[in-house]
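> Residue numbers (the numbering used here), protein chains in the order written: chain A, -7 to 106; chain B, 6 to 118. Built from N, CA and C at the ideal position, the CB exists for glycine as well. Take this structure first; my questions come after.
This is the structure we're talking about:
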């Protein structure tokens, strides 16, 4: 079974631009979560989608948004980029059918904002 | 709000010795506690997890203990090896229709040869 994939792997943008990141979960997984990872802040939860619905959201400004498609693929968008948005963005998928389940992480998209 | 505190932030142990990483959580309704290992340049991977109906779980050299009353859980690695060097994250999760997983800030474990 193929693992979680993320595209692109690396991205360089300038302040004020917007960016869209993509995540394809493991086949059959309906839950996709997004995280921001920075050296000083660890793993910060952005949001989680399940069956095309945002089920929960972390403490990030409205510039961060996401969506999930019917095939469970997910995208996250960051508008009006700031220097502080430079980070590794990880997505993770899980089955989440009945009980809590292991999250499988993708390789991440490293975003650099200049 | 919900919070998970993880200590220590860095840990260096001699190869063959044991390592212990501790986490405390604030939401008493949390009922799932996974531990993830992230090697340098790689993605986090689950190494062990425990649910609130169990006090201890072991998998070869790795064990996790949970104290629900005190709201803390710990990762124990025995007979450490060089490949145990990595960043370890604990997390607490409350299962509900609006579940949210909270990660600790991570522990960088270094194994000295």
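#1: Short of 8 Å in beta carbon distance, which residues of its chain neighbour residue 56 of chain A, apart from the five on each side in sequence? Order them along the chain.
#2: Would DSSP call residue 54 of chain B helix, strand or coil?
#3: When the Cα atoms are used, what is the spatial distance from residue 6 of chain A to residue 50 of chain A?
#4: DSSP state of residue 75 of chain A, grouped into three classes?
#5: Can you tell me where the beta strand (DSSP E) holding residue 40 of chain A begins and where it ends?
#6: Would you call the segment 76 to 85 of chain A in contact with the segment 27 to 35 of chain A, where contact means no fewer than 3 C-beta pairs closer than 8 Å?
#7: Using a Cβ-Cβ cut-off of less than 9 Å, give me the residues of the segment 67 to 83 of chain A that come near chain B, in sequence order.
#8: Quick one: list the residues of chain B neighbouring residue 98 of chain A, beta-carbon separation under 7 Å, in chain order.
#9: Quick one: Cα of residue 7 of chain B to Cα of residue 85 of chain A, how far?
#10: Is the beta carbon of residue 94 of chain B closer than 8 Å to that of residue 34 of chain A?
#11: Would you mind listing the beta strand (DSSP E) stretches within the segment 58 to 114 of chain B that are 3+ residues and don't spill past its ends, in chain order?
#12: Could you tell me the alpha carbon to alpha carbon distance between residue 63 of chain B and residue 66 of chain A, rounded to whole angstroms?
#13: Check the Cβ-Cβ distances between residue 3 of chain A and every residue of chain B, and say whether any is below 8 Å.
#14: Are the C-beta of residue 73 of chain B and some C-beta of chain A separated by less than 8 Å?
#15: Would you list the residues sitting across from residue 49 of chain A in a DSSP beta bridge?
#16: Can you have a look at residue 59 of chain B and say buried or exposed, based on whether 16 or more other CB atoms are within 10 angstroms of its CB?
#17: Do residue 88 of chain A and residue 23 of chain A count as a contact pair if the criterion is CB distance below 8 Å?
#18: If you run the structure through DSSP and keep just helix, strand and coil, what is residue -2 of chain A?
#19: With which residues is residue 47 of chain B paired in a DSSP beta bridge?
#20: Beta-carbon of residue 48 of chain A versus every beta-carbon of chain B: anything under 8 Å?
#21: Hey, does residue 34 of chain A have any beta-carbon neighbour from chain B nearer than 8 Å?
According to the data block:
#1: Around residue 56 of chain A: 38, 39, 68, 69 and 70.
#2: DSSP places residue 54 of chain B in strand when its eight states are reduced to three.
#3: The alpha-carbon atoms of residue 6 of chain A and residue 50 of chain A are separated by roughly 24 Å.
#4: Looking at residue 75 of chain A - three-state DSSP - the assignment turns out to be helix.
#5: From DSSP, the beta strand (DSSP E) with residue 40 of chain A extends over 34 to 42.
#6: Three or more Cβ pairs closer than 8 Å define a contact, and the segment 76 to 85 of chain A meets that threshold against the segment 27 to 35 of chain A.
#7: Taking 9 Å as the Cβ-Cβ cut-off against chain B, the residues of the segment 67 to 83 of chain A that qualify are 82.
#8: The answer, in chain order, is 48.
#9: Rounded to whole angstroms, the separation of the alpha carbons of residue 85 of chain A and residue 7 of chain B is 22 Å.
#10: Cβ atoms of residue 34 of chain A and residue 94 of chain B: closer than 8 Å.
#11: Annotation note: the segment 58 to 114 of chain B contains the following uninterrupted beta strand (DSSP E) runs of length 3 or greater, listed N- to C-terminal: 61 to 64, 67 to 72, 77 to 82, 91 to 98 and 106 to 108.
#12: Each residue's Cα considered, the two are about 35 Å apart.
#13: So no, residue 3 of chain A is outside the interface.
#14: Taking Cβ atoms only, chain A never reaches closer than 8 Å to residue 73 of chain B, which makes this a no.
#15: In the DSSP assignment, residue 49 of chain A is bridged to A/39.
#16: When all chains shown are included, residue 59 of chain B counts as exposed.
#17: Contact flag set, yes.
#18: In this structure, residue -2 of chain A counts as strand in the three-state DSSP scheme.
#19: The partner list for residue 47 of chain B (beta bridge, DSSP) is empty, contrary to what the question assumes.
#20: Yes, because at least one Cβ of chain B sits closer than 8 Å to the Cβ of residue 48 of chain A.
#21: It does: the Cβ of residue 34 of chain A has a partner Cβ on chain B nearer than 8 Å.
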